[in-house]
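Student: For reference, the structure I am asking about is given below.
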Amino acid sequence: MEELIPMLRDKLKRAITVNVDEDKNKITLIINRETKISEELASPEEIKIMLHMFGKLEKDFPMNIVINNQEDIVEISLNSREDTVRVGNIAENIWNTSVEMLEQCLAGDFSGIKHIGNIDEM
Amino acid sequence: MLKQNELLEVDKSKANPFEALGEVLEPELTYNYNLHSEYIEMRDGVKLAATILIPKDLPSSGKVPTLLHQTRYWRAYHLRIPYRWVYDEVITQSPSNEIFTDRGYAIVYIDVRGCGASYGSRAYPWTEEEIRDGADVVDWIITQEWSDGRVISKGISYPGICVEKLGYNAHSAVKALIIGHAFWDPYNDVALPGGCYDRGFMQLWSFLGKKLDENSPKAFREIGPDSWVLLKGVKLVDNDVSGELLKKALIEHKVNTYVHDLACDKTFRDDTLMEGMNFDTIATFTDQERLEKSKVPILAWCSYLDSGYCDAIIHRFMNLSNPQIAILGSWNHGASLPANQFFPEREKVSPSIRERINSWVNFSDICVTGKGIEGKTLYYYTLVEEKWKKTQVWPPEGQFKQRWYFSENFSFSESKPEVSDGADDYKINFRATTGRNNRWWALLGLPITYAGREKMDEKLLTYSSQSLDKDLEITGFIKVSLFMKTTHDDGAIYAYFEDVDENGKVTYIADGQLRLLHRKIANETPPFKFTKVYHTYKRKDALPVIPGEIMEVTFSLHITSVLIKKGHRFRIAIAGHDKDTFYRYPAEGRPTITLMRSKDHASYIELPIIKGGN
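Residue numbers (the working numbering), protein chains in the order written: chain Z, 302 to 423; chain D, 485 to 1098.
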């Protein structure tokens, strides 16, 4: 597993394209899945958990998430430009922050997961 | 592709097993397999979840041998996003998946009954039903159109024990077993080493198992946060789109029982854990004949610092008649990290993970299409000397025993004491601990470190030799024999064997433990060949501890092979507790023990020496 971490960062960077439209308060994630698996791309809850885990976004942050499983696209609508910029920044860095957290934990440093609430029953 | 070469064999000129087993290839980590999952129905109707990897590059026959991996830790994972977008559900087994499929093997991952996405329930681990499932799965594999009718099995820890027990079925399609870090005697190797209950592991492992069987990743947050970050549950089988099949399976898991609940109040090897079952029910030695009947070749491997599983390597080697390669090295449970306490700065494990996995594939090739293996060879690594060695017999040829007597001024002497009143008192320090990165917690996959022994030894009763005037290689089971008394009616002794260098740096080598009521040395023949001090741990052999009465307390430490260098000293540090791991004996009170070192009560240690010594 450890030897896959360096590849993971590159894979995620290639796989996730983030478009932030600050005028329309809308963020679009276009996912290029290398392994097309039979399950759905993600549920809206999973998107919320991802933003919470890797971007410290509050779990109940107001947003509307629409998943397009056919096109592998996630659309996030927000209430303000400020919110859009914040969530956009998180989304744009997911490829890196998600790997950083994994690396930290593998090295025995668990401080990076302390902020994460009870996500297993969300 | 599978090596079709009947001349493939183990290179007998090499002492390093990873060189003896052949070359290391470096396949790219690409998805060179097609993956799907489905349920397989067992003889009694219970359905087991299976994930199947078929190499994309099949031979012209379209048929390949199969690697079977049975687990209770989820056969495949439902990854969290974003990881799921780029990796598949068996990613944590990488690069084993890529290497085995690249080398022409299909792989079948199974959730054992009562676990993961499989149906059924489990009264305890490795029930006869679970063992027979292994044969049913092999029957299923060899009827698949992609199967060439040959199966090997590989696993580490629980899956490793599944491998060994698959051998009980003596299924003719099974051509090789690769058993990583597995017990031989669960009472002594893991649950109650020396009769001391390993609360740390047993409790946490049971908690982990219960959460896994509920499909909750919560336990990982405590035990393996890297896993928790990565995954959210077991992978559903492909046709379970709604998750309803998994829900039904989880309902069946609700009646599962867990080992801590069964064993936490038990003392003796023959205590009943549940109707018709005790510790020996699942011991490998109990079913030795079944395994031998299979005649299947075995590659068994473990580490000196892995619980009591290190001793299991020796016992399996000594007792099983199956052709066997046994390997005892210096790494953590599963060999993902180094564990050599003499070189704590080392970051990379040796062999590398790829070297190790390639060796297992090479072993499989040798057994499936090559010459096979003959006889038995044990490869063992000598610490400090940093050298692999091999032997066809245990103990290794040339081993001799040398006694060193506990002596005045907390020293050792080669001469038996002549004084009539030599003794040292020690009030047990119940804060003494080897921490939570010791050999017992290691079973949870944690790094192993016995750092800070200088400070810990200040809490213990220690005896050190003089500086050695030549190198001393110790390979085998060190014996500790104490004449002692205590102020209380219960207790345990923990003995740590250590190296002390010229600067006073203390390095842990091995340890052993014995609860005092189990101290009777049995005259009866052990149930398997044994070179350690033999205690039965049976109720009939319990000897009450009478405060103030002198007892002879003799036990073996766990296996080691180490070179104590010229100028260094060896040390025995004696404790009465290891608080982060074991139950407290006695439960209350703070005994003082008296260790005798007189001519009538001469306490000693006995070192198994290969070279050096006097």
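Backbone N, C-alpha and C fix where the C-beta goes; we use that ideal spot for every residue, glycine too. Quantities reported herein were computed from a predicted structural model and do not represent experimental measurements.
List the residues that DSSP assigns as beta-bridge partners of LYS871 of chain D.
Tutor: Bridge partners of LYS871 of chain D: D:THR866.
Student: Rounded to whole angstroms, what is the Cα-Cα separation between GLY598 of chain D and GLY618 of chain D?
Tutor: So the two alpha carbons sit approximately 14 Å from each other.
Student: Using 7 Å as the limit for Cβ to Cβ distance, is LEU403 of chain Z near chain D?
Tutor: Yes - at least one Cβ of chain D is within 7 Å of the one on LEU403 of chain Z.
Student: For a test of the three-state rule: what should DSSP assign to THR991 of chain D, helix, strand or coil?
Tutor: It is a strand residue.
Student: Are there three or more Cβ pairs, one per stretch, closer than 8 Å when the region 561-571 of chain D is compared with the region 710-727 of chain D?
Tutor: The answer is yes - the region 710-727 of chain D touches the region 561-571 of chain D, with three or more Cβ pairs under 8 Å.
Student: Going by DSSP in three states, ILE306 of chain Z sits in which element: helix, strand or coil?
Tutor: ILE306 of chain Z: helix per DSSP, three-state reduction.
Student: Terminal residues of the continuous beta strand (DSSP E) containing ASP322 of chain Z?
Tutor: Note, ASP322 of chain Z: beta strand (DSSP E), 317-322.
Student: On the premise that VAL574 of chain D lies in contact with SER603 of chain D, defined as a C-beta separation below 8 Å, what is that separation, rounded to the nearest angstrom?
Tutor: It should be pointed out that residue 603 of chain D corresponds to Tyr in this sequence rather than to Ser. The pair is not a contact, with the Cβ atoms about 21 Å apart (cut-off 8 Å).
Student: Please list, in chain order, the residues of the region 362-385 of chain Z that have any C-beta partner in chain D closer than 7 Å.
Tutor: Against chain D - using a Cβ distance shorter than 7 Å - the region 362-385 of chain Z contributes no residues.
Student: By DSSP, does MET686 of chain D sit in helix, in strand, or in coil?
Tutor: Helix, per DSSP.
Student: What residues of chain Z sit near VAL713 of chain D, judged by a beta carbon separation below 7 Å?
Tutor: Result: MET402, LEU403, CYS406 and ILE414.
Student: Hey, does ILE1058 of chain D have any beta-carbon neighbour from chain Z nearer than 7 Å?
Tutor: By this cut-off, ILE1058 of chain D is not an interface position.
Student: Just list the alpha helix (DSSP H) runs in the region 543-618 of chain D, keeping only unbroken ones of 4 residues or longer that don't cross its boundaries, in chain order.
Tutor: Qualifying alpha helix (DSSP H) stretches, in chain order: 580-586.
Student: For MET423 of chain Z, count neighbouring C-beta atoms within 10 Å of its own C-beta (all shown protein chains included) and say buried if the count is 16 or more, exposed if not.
Tutor: Below a pLDDT of 50, predicted positions are generally treated as unreliable, and MET423 of chain Z, at 49, falls in that range; the measurement from the model is reported next regardless. Result: exposed.
Student: Return helix, strand or coil for ALA810 of chain D, following the three-state DSSP convention.
Tutor: Reduced to three states, the DSSP call for ALA810 of chain D is strand.
Student: In chain order, what residues of the same chain have a beta carbon less than 6 Å from the beta carbon of TRP712 of chain D, not counting five sequence neighbours either side?
Tutor: Within the same chain, TRP712 of chain D has close Cβ partners PRO701, PHE704 and ARG705.
Student: Once you ignore the five residues that flank VAL770 of chain D on each side, which residues in its own chain have a CB closer than 8 Å to its CB?
Tutor: For the record, residue 770 of chain D in the displayed sequence is Thr; it is not Val. Only ASP764 and PRO1011 meet the Cβ criterion.
Student: Which same chain residues, not among the five before or five after SER891 of chain D, have their C-beta less than 7 Å away from its C-beta?
Tutor: Closer than 7 Å at the Cβ level, and outside the excluded window around SER891 of chain D, lie SER897, PRO901 and ARG1081.
Student: What distance in whole Å lies between the Cβ atoms of TYR863 of chain D and PRO501 of chain D, which are believed to be in contact at a cut-off of 8 Å?
Tutor: Contact flag correct, Cβ pair sits at about 4 Å.
Student: For the ligand COA, I want to know if THR933 of chain D counts as a neighbour, meaning its beta carbon is within less than 6 Å of at least one of the ligand's heavy atoms.
Tutor: Looking at this structure, you won't find the ligand COA or any other ligand, since it has none at all.
Student: Does LYS702 of chain D get closer than 7 Å to chain Z when you measure Cβ to Cβ?
Tutor: Yes, LYS702 of chain D counts as interfacial toward chain Z.
Student: Span of the beta strand (DSSP E) holding CYS406 of chain Z?
Tutor: That residue, CYS406 of chain Z, is in no beta strand (DSSP E); its alpha helix (DSSP H) goes 382-407.
Student: Closest by CA to ALA607 of chain D, which one among D:ASN762, D:LEU804 and D:ALA916?
Tutor: Nearest option by C-alpha distance: D:ASN762.
Student: Are the CB atoms of ASP941 of chain D and HIS1052 of chain D within a distance shorter than 7 Å?
Tutor: Not in contact: HIS1052 of chain D and ASP941 of chain D (Cβ atoms no closer than 7 Å).
Student: Measure from the alpha carbon of PHE967 of chain D to the alpha carbon of each residue in D:SER899, D:ASP955, D:ASP1084 and D:SER1040, then state which is nearest.
Tutor: That would be D:ASP1084, whose Cα lies nearest to the Cα of PHE967 of chain D.
Student: Is there a Cβ of chain Z sitting closer than 7 Å to that of PRO566 of chain D, yes or no?
Tutor: By this cut-off, PRO566 of chain D is an interface position.
Student: With a Cβ-Cβ cutoff of 7 Å, do ILE811 of chain D and ARG1074 of chain D count as a contact?
Tutor: For ILE811 of chain D and ARG1074 of chain D, no; Cβs fall outside 7 Å.
Student: Could you check whether the region 978-996 of chain D touches the region 922-941 of chain D, counting it as contact only if at least three pairs of C-beta atoms, one from each stretch, sit closer than 8 Å?
Tutor: Taking 8 Å as the limit for Cβ pairs, the verdict is that the region 922-941 of chain D does touch the region 978-996 of chain D.
Student: Could you give the DSSP three-state label for ILE1094 of chain D: helix, strand or coil?
Tutor: Of the three classes helix, strand and coil, the one that applies to ILE1094 of chain D here is strand, per DSSP.
Student: With a 10 Å radius around its C-beta and 16 neighbouring C-beta atoms as the bar for buried, classify HIS799 of chain D as buried or exposed.
Tutor: HIS799 of chain D is buried by the Cβ-count criterion.
Student: Go through its chain and collect everything with a Cβ distance to PHE1054 of chain D's Cβ below 6 Å, but skip five positions before and after it.
Tutor: Answer for PHE1054 of chain D: SER949 and ILE1048, listed in chain order.
Student: Nearest to TYR1088 of chain D by alpha carbon, out of D:ALA767, D:ILE640 and D:LYS885?
Tutor: Closest by alpha carbon: D:LYS885.
Student: State the DSSP-derived secondary structure class of PRO539 of chain D, mapped to helix, strand or coil.
Tutor: Strand at PRO539 of chain D.
Student: At the level of alpha carbons, what is the spacing between ARG556 of chain D and GLY693 of chain D?
Tutor: Distance between the alpha carbons of ARG556 of chain D and GLY693 of chain D is about 8 Å.
Student: Against LYS312 of chain Z, what residues of chain D qualify as contacts under a CB-to-CB distance less than 7 Å, listed in chain order?
Tutor: Simply VAL570.
Student: What distance in whole Å lies between the Cβ atoms of LEU998 of chain D and GLY684 of chain D, which are believed to be in contact at a cut-off of 8 Å?
Tutor: With 8 Å as the limit, GLY684 of chain D and LEU998 of chain D do not qualify as a contact, their Cβ atoms being about 18 Å apart.
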